[in-house]
Amino acid sequence: MIAFARPDLSELEEHYLLEAFRSSWISSTGEFIERFERQFAALCGTRAAIAVANGTVALHLALLALDVRPG
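Position one of the sequence shown corresponds to residue 32 (the working numbering), numbered consecutively onward.
Following this line, the structure appears as structure tokens:
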């Protein structure tokens with residue numbers, strides 16, 4: 032395997048990871064996702080934000096929201 036970059040994780044990341052494991056909310060929903068969405072919306076100055084699984088889903092939702100059609 033060719034490593035492009037080594038993970039740079041601090042004790043804070045470990046703390047939140049263990050907190051998520053212990054809460055049994057290791058999913059696409061739950062306290063951590065809701066907290067992220069609120070904080071990200073505040074950072075962007077918007078009413079709401081939606082966390083999605085990956086960039087493909089984000090682009091798909093953006094195209095749907097803009098009503099982009101084939102052609």
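Glycine included, each C-beta is placed from N, C-alpha and C at the ideal position.
Under a three-way DSSP split, which group does Arg53 fall into? helix
Please identify the residue among Glu68, Leu40, Leu48, Leu97 whose C-alpha is closest to the C-alpha of Val83. Glu68
Beta-carbon contacts of Ile33 that lie in its chain and below 7 Å, excluding the five residues immediately before and after: none
Starting from Val88, trace the alpha helix (DSSP H) both ways and give me its first and last residue. 86–96
Three-state class that DSSP yields for Arg37 in the structure shown: coil
Looking at C-alpha atoms only, which residue of Gly86, Phe71, Val88 is the closest neighbour of Ala80? Phe71
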